[in-house]
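Residues in the sequence shown are numbered consecutively from 1192, following the working numbering. What follows is one structure encoded as structure tokens, with my remarks underneath.
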Amino acid sequence: MTKIVAVTACIAGLAHTYMAKANLEKFAKQKNIEIKVETQGAMGIENKLSEEDIKEADVVIFSVDTNVADRDRFEHKKILEVGTSEVIKKGEEVIGKAINMAEGEK
């Protein structure tokens, strides 16, 4: 089974951060994909991904409009970087792209 971890963060750290998280979880569930999402918002880092979560992930999604805190944790991982609005509008498509990356496609 494909495992995905994700980080969501918008500039204000409010609505888009959490809307992107919700959409990633919704569409991953529909595809029977395991996903864990860390939010980096106004409340700081929530649901922080563990080293084990990151190690086991086949692909990482950065749904961000700003910098990712502690980005070096994801070194040597396949990363799909998109804006939060893309995930909000096209969440199913983003999950599909992540699955393709995990399976080695471009």
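For glycine and all other residues, C-beta sits at the position ideal for the given N, C-alpha and C.
Where does serine 1254 fall in DSSP's three states?
strand
Which of helix, strand or coil DSSP assigns to alanine 1206
helix
With 16 other Cβ atoms within 10 Å as the buried cut-off, status of leucine 1240
buried
Ordered along the chain, which non-local residues of its own chain (more than five positions away) have a Cβ less than 6 angstroms from that of alanine 1233?
Gly1204, Leu1205
Between the alpha carbons of histidine 1207 and aspartate 1249, how many angstroms are there, rounded?
25 angstroms
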